[in-house]
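A.B. asks: One structure, as structure tokens, below. Some questions next.
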């Protein structure tokens with residue numbers, strides 16, 4: 010009798026998983042816990058998705074193409090991510106998944122540590138995958154070209170920031186004009202990661218998934234490195250970021266979620282929200298595809314169909330006429346975003362004020378990460394701090410310095426000066442000793458309340474600029490102009506205004522066991 | 019009735035004010051870089067924050083075990099302000115050219131089994147008497163007073 014009940018229960022579960030394809034429509038509100046049924050295809054896929062010709066698109070012709078090579082190691086690391094993607098996909102498409110975490114992982118890591126000097130044709134590395142999932146490759150390839158050309162524009166010397174920004178807008182139009190374009194609208198990441206197959210890849214192949222998320226860290230962290238910063242600083246910045254990438258970020262297996270562009274490059278994401286969203290949606294498509302291809306419960310036919318549905322979900326054409334900041338919560342057409350950050354969709358557990366950032370906890374993106382005071386709406390935007398894998402926006406130079414000094418390892422500060430076209434870049438060693446691109450930089454720091462910190466803590470490219478500011482703001486007439494070394498030694502202590510949002514990690518129902526044991530943290 | 023309403027509103031406003039004050043942390047309540055658990059803040063009666071200074075860096079840890087266990091990440095010479103038995107009077111430990119030193123007579127407690135109690139059970143003391151007093155007051159069983167060398171060896175063994 011018991012055996013019969015068990016058998017019937019098992020059979021019912023199998024039927025529920027294997028055959029119930031039908032429930033989720035576009036716009037249908039799913040249960041935000043993990044769905045148990047496979048997503049249903051739309052009434053009609055775009056015609057190009059059944060076109061088996063190559064239809065290969067290439068770069069927008071431009072003088073800036075391949076400027077990425079100005080920081081050679083950065084270019085090489087970016088080229089190597091293509092090898093990593095392609096090798097893993099070919100393995101998944103050819104039944105080599107059992108070797109992914111061993112032999113293939115080792116092969117990929119060898120390439121990542123000895124990256125190619127030229128871009129590698131991913132299609133040559135993954136011919137089977139290309140044959141099976143040609144339309145997917147078109148979407149990937151086109152978005153990767155946007156990645157690279159945006160980098161090229163930002164790397165171009167002798168162009169003003171305004172010229173670069175105008176060209177990036179044109180690139181976005183160039184990209185969006187093609188049918189393979191991914192939407193630039195923010196999408197609900199919890200929804201996109203809530204299907205029956207979701208998280209299969211990261212659970213079964215944590216090391217290779219860690220590599221994928223490491224690539225996505227590199228592919229997004231670079232934009233704030235390049236955006237509105239002098240090209241002369243890019244190599245020095247990449248020396249810090251590249252080391253972090255190859256030593257830490259690639260090999261992390263404890264991330265809660267893939268890195269988001271707004272987490273790693275908040276300034277760029279705020280300025281170009283469509284591009285940031287397109288990259289995040291692209292990276293989520295990668296995750297969806299990884300999960301689909303590694304879910305052993307799916308048949309070959311189901312995989313093909315689910316990959317097509319995953320593509321369709323993020324295409325610009327699927328969301329035509331829809332607007333950022335609107336949409337029914339937790340659905341395919343949920344295009345809300347956190348306050349102050351149009352370049353990021355809603356995340357698991359987030360609301361419009363708060364989002365959970367892996368490694369940093371709950372954040373309000375309209376507030377300074379150090380003193381919790383609202384970021385100024387206009388004028389100088391303060392600074393960003395990049396350290397320990399994250400990039401945070403802060404109100405003033407004091408907040409930037411103290412936040413960096415409280416973090417282990419090297420750090421980068423990108424700060425506003427008196428001239429909107431001159432961003433100061435400060436790079437510290439592991440002991441917090443700073444170097445800068447403006448050797449004559451002068452700092453103002455007249456400690457007062459943090460709600461006004463963006464006024465009393467600033468940096469200037471010269472003593473003359475400092476004097477001009479003090480003249481305009483006589484309340485600082487007694488302020489001493491600080492050199493970099495004098496400024497670096499100061500510490501403002503803990504801001505009384507700092508507010509920690511104390512909510513549990515939405516990605517983990519149980520506390521991590523390893524870190525709770527003596528000696529087990531690392 | 020009008021007066022009662024005003025009193026009620028005033029009481030509610032006071033309650034809201036109290037909540038707001040409580041919800042604003044007076045200090046950075048970050049996580050320990052090593053064990054990833056929340057830092058324990060100082061109180062009037064007892065220090066808990068372990069501060070490590072090196073160069074221009076100032077990093078907070080949950081306990082001295084966490085500092086020593088994580089020391090490979092910290093470059094250069096270190097100065098560690100370890101909570102002692104007396105609030106406001108930390109014991110200063112130093113790592114100079116890789117060699118650790120502590121004031122003469124410093125003893126260490128390191129009995130914790132799980133990191134949730136490490137802030138209370140991995141500490142430094144200026145004397146045997148203060149060690150014994152602390153251990154008795156906290157009801158810590160099986161506590162052994164360790165010298166600096168013994169403490170470092172214990173961390174190295176357990177890590």
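Protein chains in written order, with the numbering used here: chain C, 10 to 531; chain F, 19 to 177.
Glycine included, each C-beta is placed from N, C-alpha and C at the ideal position.
#1: At the level of alpha carbons, what is the spacing between residue 284(C) and residue 213(C)?
#2: Straight-line CA distance for residue 173(F) to residue 132(F)?
#3: Roughly how far, in whole angstroms, is the beta-carbon of residue 200(C) from the beta-carbon of residue 343(C), given that I think they are within contact range, below 8 Å?
#4: Count the other C-beta atoms from every protein chain shown that fall within 10 angstroms of the C-beta of residue 72(C), then say buried if there are 16 or more, exposed otherwise.
#5: With DSSP as the reference, label residue 80(F) as helix, strand or coil.
#6: By the DSSP assignment, the beta strand (DSSP E) with residue 235(C) in it spans what residues?
#7: Do residue 512(C) and residue 399(C) come within 8 Å of each other at the CB atom, strictly closer than that value?
#8: Let me confirm a value: residue 503(C) is counted as buried when at least 16 other C-beta atoms fall within 10 Å, else exposed. Which label applies?
#9: Across the region 64 to 77 of chain F and the region 95 to 107 of chain F, are there enough close Cβ pairs to call them in contact, namely three or more that are closer than 8 Å?
#10: Buried or exposed: where does residue 91(C) fall if 16 or more other Cβ atoms within 10 Å of its Cβ makes it buried?
#11: Spatial neighbours of residue 82(C) within its chain, please: C-beta separation below 7 Å, excluding the five flanking residues on both sides.
#12: Please list the terminal residues of the continuous beta strand (DSSP E) segment that includes residue 371(C).
#13: Give me the Cα-Cα distance between residue 495(C) and residue 143(F), rounded to the nearest whole angstrom.
#14: Check whether the Cβ atoms of residue 241(C) and residue 446(C) lie closer than 8 Å to each other.
#15: Along chain C, which residues have their Cβ under 7 Å away from the Cβ of residue 51(F)?
#16: Indicate whether at least one CB of chain F lies closer than 8 Å to the CB of residue 414(C).
#17: I need the DSSP call for residue 56(F), collapsed to helix, strand or coil.
#18: Are residue 164(C) and residue 235(C) close, meaning C-beta to C-beta below 8 Å?
#19: Assign residue 289(C) to buried or exposed, taking buried as 16 or more other Cβ atoms, counted over all protein chains shown, within 10 Å of its Cβ.
#20: Would you mind working out which of 93(C), 186(C), 455(C) and 59(C) sits nearest residue 155(C), comparing C-alpha positions?
#21: Taking the alpha-carbon positions, what's the residue 54(C) to residue 312(C) distance?
#22: In whole angstroms, what separates the C-alpha of residue 114(F) from that of residue 93(F)?
#23: Does chain F have any CB closer than 8 Å to the CB of residue 439(C)?
#24: List the residues that DSSP assigns as beta-bridge partners of residue 424(C).
#25: Give me the Cα-Cα distance between residue 61(F) and residue 105(F), rounded to the nearest whole angstrom.
#26: Residue 139(F): which of 118(F), 163(F) and 88(F) sits nearest, CA to CA?
#27: How long is the line joining the alpha carbons of residue 145(F) and residue 166(F), rounded to whole angstroms?
#28: Count Cβ pairs between the region 315 to 330 of chain C and the region 112 to 125 of chain C that sit closer than 8 Å; are there 3 or more?
#29: With a threshold of 8 Å between beta-carbons, can residue 152(C) be considered close to chain F, or not?
#30: Using a Cβ-Cβ cutoff of less than 7 Å, which residues in the same chain neighbour residue 180(C) once the five nearest sequence positions on both sides are dropped?
#31: Three or more beta-carbon pairs under 8 Å between the region 206 to 223 of chain C and the region 345 to 357 of chain C, yes or no?
#32: Report yes if the CB atom of residue 303(C) is closer than 8 Å to the CB atom of residue 106(C), and no otherwise.
#33: Using beta carbons (cut-off 8 Å, strictly below), is residue 409(C) in contact with chain F?
#34: Just to confirm the assignment, what range does the alpha helix (DSSP H) spanning residue 152(F) have?
#35: Note down, in chain order, each residue of its chain lying with its Cβ closer than 8 Å to the Cβ of residue 168(F), except the 5 sequence neighbours on either side.
#36: Between the alpha carbons of residue 472(C) and residue 407(C), how many angstroms are there, rounded?
C.D. replies: From the atom records:
#1: Reading the first chain from its first residue, position 275 is the one you call residue 284(C). Reading the first chain from its first residue, position 204 is the one you call residue 213(C). Using only the alpha carbons, I get a separation of about 31 Å.
#2: The count along the second chain starts at 1 and reaches residue 173(F) at position 155. The count along the second chain starts at 1 and reaches residue 132(F) at position 114. Rounded to the nearest whole angstrom, the C-alpha separation of residue 173(F) and residue 132(F) is 14 Å.
#3: Here residue 200(C) refers to the residue found at position 191 of the first chain. Here residue 343(C) refers to the residue found at position 334 of the first chain. Cβ-Cβ separation between residue 200(C) and residue 343(C): approximately 6 Å, consistent with a contact (criterion under 8 Å).
#4: Against the first chain, residue 72(C) aligns to sequence position 63. It counts as exposed.
#5: Taking the first residue of the second chain as 1, we reach residue 80(F) at position 62. Residue 80(F): coil per DSSP, three-state reduction.
#6: Here residue 235(C) is taken as the residue at index 226 of the first chain, counted from 1. That residue, residue 235(C), is in no beta strand (DSSP E); its alpha helix (DSSP H) goes 215 to 235.
#7: Taking the first chain and counting its residues from 1, the one referred to as residue 399(C) is at position 390. Taking the first chain and counting its residues from 1, the one referred to as residue 512(C) is at position 503. Not closer than 8 Å, so no.
#8: Translated into positions along the first chain, residue 503(C) becomes position 494. So residue 503(C) ends up on the buried side.
#9: yes
#10: Locating residue 91(C) in the first chain gives position 82, counting from the first residue. Buried: at least 16 other Cβ atoms inside 10 Å.
#11: By one-based count along the first chain, residue 82(C) stands at place 73. Contacts found: 247 and 251.
#12: Counting from 1 along the first chain, the entry for residue 371(C) is found at position 362. Looking at the DSSP string, the run of the beta strand (DSSP E) that includes residue 371(C) is 370 to 372.
#13: Here residue 495(C) is taken as the residue at index 486 of the first chain, counted from 1. Here residue 143(F) is taken as the residue at index 125 of the second chain, counted from 1. Going from the Cα of residue 495(C) to the Cα of residue 143(F) covers about 35 Å.
#14: On the first chain, residue 241(C) is found 232 positions in, with the first residue counted as 1. On the first chain, residue 446(C) is found 437 positions in, with the first residue counted as 1. The answer is yes: Cβ separation under 8 Å.
#15: Counted from its first residue, the second chain places residue 51(F) at position 33. Under the 7 Å cutoff, chain C gives 417.
#16: Numbered from its first residue, the first chain carries residue 414(C) at position 405. It does; some Cβ of chain F falls within 8 Å.
#17: Here residue 56(F) refers to the residue found at position 38 when the second chain is read from its first residue. Of the three classes helix, strand and coil, the one that applies to residue 56(F) here is strand, per DSSP.
#18: Within the first chain, residue 164(C) is the residue found at index 155, counting from 1. Within the first chain, residue 235(C) is the residue found at index 226, counting from 1. Yes; because the gap between Cβ atoms is below 8 Å, this pair is in contact.
#19: What you label residue 289(C) is simply residue 280 of the first chain in a count that begins at 1. Under this definition residue 289(C) is a buried residue.
#20: To locate residue 155(C), count along the first chain from 1; it is residue 146. The residue with the shortest Cα to Cα distance from residue 155(C) is 186(C).
#21: Here residue 54(C) is taken as the residue at index 45 of the first chain, counted from 1. Here residue 312(C) is taken as the residue at index 303 of the first chain, counted from 1. Going by the C-alpha atoms only, they are around 16 Å apart.
#22: Taking the first residue of the second chain as 1, we reach residue 114(F) at position 96. Taking the first residue of the second chain as 1, we reach residue 93(F) at position 75. Taking the straight line joining both Cα atoms gives about 11 Å.
#23: Looking up residue 439(C) in the first chain gives position 430. At least one chain F Cβ lies under 8 Å of residue 439(C).
#24: Taking the first chain and counting its residues from 1, one reaches residue 424(C) at position 415. When beta bridges are read from the DSSP output, residue 424(C) appears opposite 392(C) and 433(C).
#25: Here residue 61(F) refers to the residue found at position 43 when the second chain is read from its first residue. Here residue 105(F) refers to the residue found at position 87 when the second chain is read from its first residue. Whole-angstrom Cα-Cα distance: 8 Å.
#26: Here the question's residue 139(F) lines up with position 121 in the second chain. When C-alpha distances from residue 139(F) are compared across 118(F), 163(F) and 88(F), the shortest belongs to 163(F).
#27: Against the second chain, residue 145(F) aligns to sequence position 127. Against the second chain, residue 166(F) aligns to sequence position 148. Whole-angstrom Cα-Cα distance: 13 Å.
#28: no
#29: Reading the first chain from its first residue, position 143 is the one you call residue 152(C). Answer no: the Cβ-Cβ gap between residue 152(C) and chain F never drops below 8 Å.
#30: What you label residue 180(C) is simply residue 171 of the first chain in a count that begins at 1. Here the set comprises 69, 155, 158, 159 and 162.
#31: Segments in contact, no.
#32: Position 294 of the first chain, counting from 1, holds the residue named residue 303(C). Position 97 of the first chain, counting from 1, holds the residue named residue 106(C). Yes. Within cutoff.
#33: Counting from one through the first chain, the residue named residue 409(C) turns up at place 400. Chain F contact via Cβ: absent.
#34: One-based indexing of the second chain puts residue 152(F) at position 134. It spans 146 to 156 - the alpha helix (DSSP H) in which residue 152(F) sits, taken as one unbroken run.
#35: Numbered from 1 along the second chain, position 150 holds the residue referred to as residue 168(F). Only 126 meet the Cβ criterion.
#36: Taking the first chain and counting its residues from 1, one reaches residue 472(C) at position 463. Taking the first chain and counting its residues from 1, one reaches residue 407(C) at position 398. Distance between the alpha carbons of residue 472(C) and residue 407(C) is about 18 Å.
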